[in-house]
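*Asks:*
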Amino acid sequence: MTRPGLHTLTGGRGLLFGGDYNPEQWPEHVWAEDAELMRAAGVNLVTVGVFSWARIEPEPGARDFAWLDRVLDLMDESGIAVDLATPTASPPPWLGHRRPETLPVDESGHRLWYGSRNQFCPSSPVYREHALALVEDLAARYAGHPALALWHVGNEYGQVCHCDESAEAFRTWLKARYGDLDALNEAWGTTFWSQRYGDWAEVVTPRRAPYIINPSQQLDWRRFCSDALLDHFRAERDLLRRHTPDIPVTTNFMGLFKPVDAWSWAREEDVVSNDHYPDPADPLAPARTALTHDLMRGLAGGGPWLLMEQAASAVNWRPHNPPKPPGRLRLESLQAVARGADGLCYFQWRASRFGAERFHSAMLPHAGPDTRLHAEIRAHGRELRELARVAGRPVPARVAMVFDWPSWWALEERGRPSDRLNAVEQLFSYYLPFWERGVTVDLVPPSADLTGYALVVVPNLFLVSDADAGAMTAYVHGGGVLVVGPFSGIVDPRAHVRTGRFPAPLRAVLGASGEEWQPVEGPVRCRWAGGAEFDAHTWTELVAAEGAETVAAFAGDGRPAVLRHRAGEGVAWYVATMPEPDALGELAERALADAGVDGILPEPRHGVEAVRRGEILFLLNHGTETVRVPLPRPATDLLTGSAADGHVVLAPRAVAALVEPSPQTPPPGDDIEITL
Amino acid sequence: MTRPGLHTLTGGRGLLFGGDYNPEQWPEHVWAEDAELMRAAGVNLVTVGVFSWARIEPEPGARDFAWLDRVLDLMDESGIAVDLATPTASPPPWLGHRRPETLPVDESGHRLWYGSRNQFCPSSPVYREHALALVEDLAARYAGHPALALWHVGNEYGQVCHCDESAEAFRTWLKARYGDLDALNEAWGTTFWSQRYGDWAEVVTPRRAPYIINPSQQLDWRRFCSDALLDHFRAERDLLRRHTPDIPVTTNFMGLFKPVDAWSWAREEDVVSNDHYPDPADPLAPARTALTHDLMRGLAGGGPWLLMEQAASAVNWRPHNPPKPPGRLRLESLQAVARGADGLCYFQWRASRFGAERFHSAMLPHAGPDTRLHAEIRAHGRELRELARVAGRPVPARVAMVFDWPSWWALEERGRPSDRLNAVEQLFSYYLPFWERGVTVDLVPPSADLTGYALVVVPNLFLVSDADAGAMTAYVHGGGVLVVGPFSGIVDPRAHVRTGRFPAPLRAVLGASGEEWQPVEGPVRCRWAGGAEFDAHTWTELVAAEGAETVAAFAGDGRPAVLRHRAGEGVAWYVATMPEPDALGELAERALADAGVDGILPEPRHGVEAVRRGEILFLLNHGTETVRVPLPRPATDLLTGSAADGHVVLAPRAVAALVEPSPQTPPPGDDIEITL
Amino acid sequence: MTRPGLHTLTGGRGLLFGGDYNPEQWPEHVWAEDAELMRAAGVNLVTVGVFSWARIEPEPGARDFAWLDRVLDLMDESGIAVDLATPTASPPPWLGHRRPETLPVDESGHRLWYGSRNQFCPSSPVYREHALALVEDLAARYAGHPALALWHVGNEYGQVCHCDESAEAFRTWLKARYGDLDALNEAWGTTFWSQRYGDWAEVVTPRRAPYIINPSQQLDWRRFCSDALLDHFRAERDLLRRHTPDIPVTTNFMGLFKPVDAWSWAREEDVVSNDHYPDPADPLAPARTALTHDLMRGLAGGGPWLLMEQAASAVNWRPHNPPKPPGRLRLESLQAVARGADGLCYFQWRASRFGAERFHSAMLPHAGPDTRLHAEIRAHGRELRELARVAGRPVPARVAMVFDWPSWWALEERGRPSDRLNAVEQLFSYYLPFWERGVTVDLVPPSADLTGYALVVVPNLFLVSDADAGAMTAYVHGGGVLVVGPFSGIVDPRAHVRTGRFPAPLRAVLGASGEEWQPVEGPVRCRWAGGAEFDAHTWTELVAAEGAETVAAFAGDGRPAVLRHRAGEGVAWYVATMPEPDALGELAERALADAGVDGILPEPRHGVEAVRRGEILFLLNHGTETVRVPLPRPATDLLTGSAADGHVVLAPRAVAALVEPSPQTPPPGDDIEITL
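First to last, the sequence lines map onto chains A, B and C. Its first residue numbered -13, the first sequence is counted upward by one per residue in the numbering used here. Its first residue numbered -13, the second sequence is counted upward by one per residue in the numbering used here. Its first residue numbered -13, the third sequence is counted upward by one per residue in the numbering used here.
(1) With 8 Å set as the bound, which would you pick, yes or no: does the beta-carbon of E362(A) sit closer than that to a beta-carbon of chain B?
(2) Compare the beta carbon distance of L293(A) and A327(A) with 8 Å and say whether it is the shorter of the two.
(3) On the premise that V483(B) lies in contact with V444(B), defined as a C-beta separation below 8 Å, what is that separation, rounded to the nearest angstrom?
(4) Quick one: what does DSSP say H633(A) is sitting in, helix, strand or coil?
(5) Starting from R277(A), trace the alpha helix (DSSP H) both ways and give me its first and last residue.
(6) DSSP three-state label for M458(B), please.
(7) Let me see if you follow: with CB-CB separation under 8 Å, is R193(B) close to chain A or not?
(8) Quick one: which residues of the stretch 331 to 355 of chain C get their C-beta closer than 9 Å to a C-beta of chain A? List them in chain order.
(9) Could you check the C-alpha separation between P652(B) and I602(B) for me, to the nearest Å?
(10) Is the beta carbon of E10(A) less than 8 Å from the beta carbon of R41(A)?
(11) Is it buried or exposed, H262(C), if we count other Cβ atoms within 10 angstroms and call 16 or more buried?
(12) Count the other CB atoms, across all protein chains shown, that sit within 10 Å of the CB of D268(A); report buried if there are 16 or more and exposed otherwise.
(13) Hey, how far is the Cα of Q203(A) from the Cα of T622(C)?
(14) In the stretch 177 to 191 of chain C, which residues sit with their C-beta less than 8 Å from some C-beta in chain B, listed in chain order?
(15) On the three-pair Cβ rule with 8 Å, is the stretch 213 to 229 of chain B touching the stretch 143 to 150 of chain B?
(16) Ignoring anything shorter than 3 residues, give me the beta strand (DSSP E) runs that lie fully in the stretch 55 to 80 of chain C, in order along the chain.
(17) Starting from the Cα of E151(C), find the closest Cα among Y164(C), T459(C), L167(C) and P111(C) and give me that residue.
(18) Taking the alpha carbon of R614(B) as the point to measure from, which residue in A630(B), R598(B), S628(B) and L636(B) has its own alpha carbon closest?
(19) Could you name the residues that DSSP lists as bridge partners for M564(A)?
(20) What does R98(A) touch in chain B if you count any residue whose Cβ is under 7 Å from its own?
(21) May I have the straight-line CA-CA distance separating L124(A) from G82(A), to the nearest angstrom?
(22) Nearer than 7 Å: is that true of the beta carbon of P192(C) relative to any heavy atom of the ligand PLP?
(23) Less than 8 Å between the C-beta atoms of V557(C) and V442(C), yes or no?
(24) Would a check of beta-carbon distances place S202(B) closer than 8 Å to chain A?
(25) My output table needs one value for S202(B): the three-state DSSP class, helix, strand or coil.
(26) If you run the structure through DSSP and keep just helix, strand and coil, what is P652(A)?
(27) Taking the alpha helix (DSSP H) that G165(B) falls in, what are its first and last residues?
(28) Shorter than 8 Å from the beta carbon of P73(C) to some beta carbon of chain B?
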């Protein structure tokens, strides 16, 4: 049976637009106003019930669904679909009070209390029992309700607990992974520091200890924590599917969020959805956001995904929270559309008066509908209807970038050559030049089928399995172009160092190998073969060419810094340092040339993002200057209806959604100018 | 019956001078030397017994008063009054050992041990029982002792505890405040994040939780913590009053100290007293000190107050502790006199040889009486006798500044637009220009009767009640001038945001309202209407005039930054940003002009503080340069006897206490020069 | 009976060379390769079994020695001596699991778990019982094994625990020290802050408390912690000595490591050994290392010592870990030889594949023997054989520098004039100018016999006993030259301030005294009498000469900054501030002139360390430039065989080991040039 998915929702609705809706925070007379304002704003999807457990089950076993019935009925009457949440992210105080063993315990042994949210131990049978009983009743009650369009399981999973029940669950997981204690001792290398386990009962979570904890134990702990939460998700999902086989199920990710291995989660969902809050103080936020969106598209197998939460303006949880200036709300939302989102939702519809998120912006601010912010929301909702045709359309990419959670976890354990080597920053440093050049990138896991890509970039893959290293080698031999960043291929899936010259499993395909990692303090001068110089930083390696050509060398001693190796039908690059951004740009261009891949625009412009979705070319000006962008072909802007044959002029924060006319159409006149 | 007060002490003694005296740290032969040196230094008040619990009650129920009898007798013989402390701030080890439930527990569940001081749970019935039994016996013993002049309850109250007994006491307090759980749920907004309480037993203190804790719960917790300690104070006070109805009772504040709401405490005291330790590394310390002193005067209802603790020179508890240079001891002490203090006391008389405060300076240093420091103490004690006439004299002010503890608490909870907005710094930024201009300011609570003031400044009042907002409105309508700073009037006493345009309850009187808070990173350029420019920082708001004139606008888009509104007979100013100091000075001058208030000096001088107390004009040179200060009228310096008709020349750290002669006195010759 | 010592090992072997060897981490087939590579590298000593508890005792009471038999046999066959460790530093998980009371508890009450290393409570009888039973069996089994050459007890002792058993042990220690509670109360000054103890049971470790803890309690706690660990060492040592009276016993120090008082430990050892890891990012690391080595020589009573652990290249535990550049491994190892080391060992032989130290460099890296790093190890091993003659040779010094652990502990308690006064930095600031001038310094405890030294420097001795102060006075009177730095002689061994003018017990010999400590923020200008100016920083004192001449004064007010006093036959200097390095150099030169001591080289060169060991003059170029060093006399380089009469030219990181020929030898030709 084919599972329902995001198409189930967008089919009749086009792009989805809406947000979290928490009517239980307001008297019922406000609800009617909400519905009317939602309609006026073009809202067609709201998420309800995320934090309603205590409202639905005010005391153990009670059920108060009447208010929720009225909410769903109201939404249905208003033509607004409901993404109904299982309210299991935040148990009521009565659960923690009566069953304190459901409260999580941190690595130091501190119990975390209610009074905030998320206070549950992922391995608590009591928590699970109460959660599933409630989900069962919720599913039973709303199966068949005409407003119900999507299930939203829990919220932003990421809890961790070190209690004794968690330790027991960890042991169960380890038994399943390793079978017996000898295998565990072998995998964890317990001959080091006298850590041998003689009885399963001795094995605990990595609690506070006098010094650095066993890195293999830590890695398995992170795997377990992700799996333990996934097991919860699956249990709720299965209940929901039993009651409503036609309603898709999702849970909201948080982008490159360390606690959960999104690759393993995504395949259990019907819809991939994400919460994303770019930092307004970060000038590179647009590129980081693009990366996150590309990850979501990758998690969705290349298909559409749902931006479940974004902020209409400021958030409340950073220390200092400037609002979004006019136009940025729209710019960021359309960026998501351009990179594959079929739904654009906000946290939240109406700003709360009380609670920890009083000062988080909302679609409808405290000051009411007659405000700058709400006017932008309305205009944006209207405009999204013009873009209905993009729903479900693919975002083509010929370049893939590999990212892996266990490798991330393993890389960033204590006790390594340098804590300045950060998996996400390394990924981003390689992503940025492609984004700047208008080259669309797919994010993929190391186990992905790479054969469809012209170029595969591996910014860092500290931990790699034999199979994945083998597939990369085969990919190159089959004609692919592979770029591998430093400190990749170092450990196996147990986090054991692969002995011999590194990166051992990729040494042959790279035609090069190293013997020493050499972190550095200041910049290191490098030189392209026969040419210009550039700086690298933080990291160098003592590497020797074994068939590869030295494309760039360290200026000091002439040792290889960047190598290129023809292997089989393809080409493999190895980068034994961390070049500064311009040099990474040069590297990207050379690798793109090897792969025969061009950027979208003939002349990329600083700050202007270019990406194709379906037949539409999106141009988004993230910069603060008006920019004139030469076009590859004449085109018409879908948002304004204007047509241009040569250029588009984009004001700051302006967006063009260009359709290139079919050949018979007469060319349009001249430049078009696009403002907010 | 009229309560005794500070006048009870100063009546026969003039200004009080002395310090904490801990004779139990020394062999008795030292005591006689102490008494002699005290007399030589002009000491007339010592605080005894603050940390003597374990000495008096070496084991549970024992009483050893004999040594204390001898101390009080010796002081009496020496003509020195005693401020006798109830030694309840620091229970003996035996209490924590035998009754560990009396030890406090922090928000993470860590029990805090003895070995330092203050280790008691404010809600422990066992602690209270032991404390009150001891106070009862102490009061009974010393009632009628001729040395006894003042009771000093506890010390620097501020303890917090999260144990289960504290949770129970918190619930009792909440029941009294809210009556039933529905009201609590409503006030705390527990529909947010599924926090509804179904049983009182579920309610706990805001203990460590996974994320931001409910801000209304936090606010009530801070109220409770202050009240719980106040309840202790009251219980001890009532015992003392029963035994000694004619002896005034105090406890020592710590200035703008967050844990206790001094407005609610002060009205329970007979004497307001304070511990104040300006930071010698802070160039603005003189102004901050003036602010603190003005707060004490406000707490004393405009009457005199007691500087219970100051340092003779260095403290020991900052990381790096420079001493006070010559003359600063005197300068700081006279500053307190000028701003209303009738007593100038030090921690402590004789420097300890052991314990955690060995390296805190004292009136009598380790090196003995033949030292620079002790010589300054003696000279200062002598000089204070010359100033006896100021005792009890008022410090007149026509400007009031509003400050409120619950608003402070509410403002600084996590999860707000910017954590760079700090209640005390905002208060100080408005206070500084008045201090620099020699305009005396009274600190008042928001519920104060404002009618006597020409100008009322509200630097920040994030939380405001309807009644207080109404009184401010009425004040303006009645002819007052009101200045309101940004992010005021935002929440109600439950910390719920007041919906609609802000500041909702002051919108009418301000003739302006806003829809969006817009914290900023760098400086923001502003322009006075038709005039000069200035920078603002950190914070801006999107505000519209609704009757007010735009006095200053943001240079970028011309939106209002400072507004002025004639309302009824008065004028209301609203400041929608944080102007730099010079611009706040300009603002202060304009508001003073509206109010018809002048500074004390015709031409204020940088670093020279000017304040009148009674008929004396104090001029204090906090700067590092000699300054020539033009006088409003001819005057004679009380400290030197010199007379000047035009100017006073003040060396660095010099002080003049000027009396303006009655008209018939012939004018004095010329300038007078005043050195240390 | 004479104890065995380091000579027992070096007698037949010359200098020792090797490292930690952890064969249990590798399959046995690797062991044979290890032995062969060790031999090829000149390894003659390996440390085995440091972390083998769980391997030897996989379950309580079991013993698996078979693998260890094979390891020792293999080493014996390979001619490599074994430093056999008692594996008691890291108990197996089964101990913590079955007997959680053996796990340590921090000052906040957090229990520290297994999963890392060192998780034992030093005061746990259960831990001790298990540890000693194992040591007994280990000693019995290997007594007489021909490979056994040295016992290595535990590892890097430094554990601390605050559990109830630790509190009980602390009380026992206190009872032995003080006899009765009155003496304890007196020593701890418990009249301060109501801390009087009425029953021994009340006394606990200094656990987390509301504020600053009693400094005398803290000082005794540090004494106890050092002693409790020493007691463990002694217990193991005694067992080992019973079984193997001829095998020397050591444990590895960590240089200037605060938790253990090395002076009290060293006298219980047969061999002094140290782990030393200079920070490659610290340009002063060579001088700091020299200081540490001189401390080890002092701990060894002037005799040879063993460098038990150093890194072949990078470590893994700093945040960022650059490797050692070529030649630095050799340079640092020869520096230790020059300063008295008779053994040069590394952590570890073969780099681990797993565990928390995977990324710590080793003698044999992951990449194998055919590497830059291993080639340097081999060359270094070879070269050490050329230097066999230095084994056991003394390092002569005429200058002593005093350093004391209890004084260090007492100085750095909270609540003092400045936390910028750091015992080790103060020591180093005085050490540096002597090192730069090629003047060898012995580190000695305050109780040392000073009579053999021409100059004694006391950079800081905050805590001093009457006896030690008396001995210093007598030393000067007898003709010695003494230099005393600021804030010395302040407290007695109970940490009580010595009242009166400071430094009270040294006032007479210094001919000067002070009344006030005056920490400062910025630099303070000083002036040598009749001459040049210099800056001092952080600290000044208000001091008066009482017979001393003012050698340098504070420029501002002319008060004495540096004083010099002829007392008896000698001279005493007092430095009442912290002069900048050049001024400390000037001071050192003047004091050396008073003492009649010259540096080794006629013209010291920046970055070139000069030190004599036996008849060899070592010159080590720590700088980055090639340097030409004039020699005092013609000499021949032992390492290259070259001879020079006037100069040696040293490349960066080059070392010369010069032997000055006897008079009849004809002079060699000219300069010699020495490279890596």
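Every residue, glycine too, gets a C-beta built ideally from N, C-alpha and C.
*Replies:* Quick look at the numbers:
(1) Contacts with chain B at 8 Å (Cβ-Cβ) do not include E362(A).
(2) yes
(3) The C-beta distance from V444(B) to V483(B) rounds to 19 Å, too long to fall under 8 Å, and the pair is not in contact.
(4) Strand.
(5) Note that residue 277(A) corresponds to Leu in the displayed sequence, not to Arg. Residues A271 to L285.
(6) helix
(7) yes
(8) A337, S338, R339, F340, G341, A342, E343, R344, F345, H346, S347, P351, H352, A353 and G354
(9) Confidence is the limiting factor: at P652(B) the pLDDT is only 49, short of 50, which leaves the residue's position unreliable, though a coordinate-based value still follows. Cα to Cα, the separation comes out at about 19 Å.
(10) In contact: E10(A) and R41(A) (Cβ atoms closer than 8 Å).
(11) Under this definition H262(C) is a buried residue.
(12) exposed
(13) 56 Å
(14) T177, F178, W179, S180, Q181, R182, Y183, G184, D185, A187, E188, V189 and V190
(15) Note that the stretch 213 to 229 of chain B touches the stretch 143 to 150 of chain B; at least 3 beta-carbon pairs, one per stretch, sit closer than 8 Å.
(16) 67 to 72
(17) Considering only alpha carbons, the answer is P111(C).
(18) L636(B)
(19) H523(A)
(20) Looking at the sequence provided, one finds Leu at residue 98(A) rather than Arg. By Cβ distance, chain B contributes R194, A195 and P196.
(21) 22 Å
(22) Summarising the ligand content, the structure contains no ligands, and the ligand PLP is consequently not present.
(23) no
(24) Yes, S202(B) lies at the interface with chain A (some Cβ there is under 8 Å from its Cβ).
(25) Collapsing the DSSP output to three states places S202(B) in a helix.
(26) Below a pLDDT of 50, predicted positions are generally treated as unreliable, and P652(A), at 49, falls in that range; the measurement from the model is reported next regardless. Coil at P652(A), not helix or strand.
(27) Premise fails: G165(B) is in no alpha helix (DSSP H) and is neither H nor E.
(28) By this cut-off, P73(C) is not an interface position.
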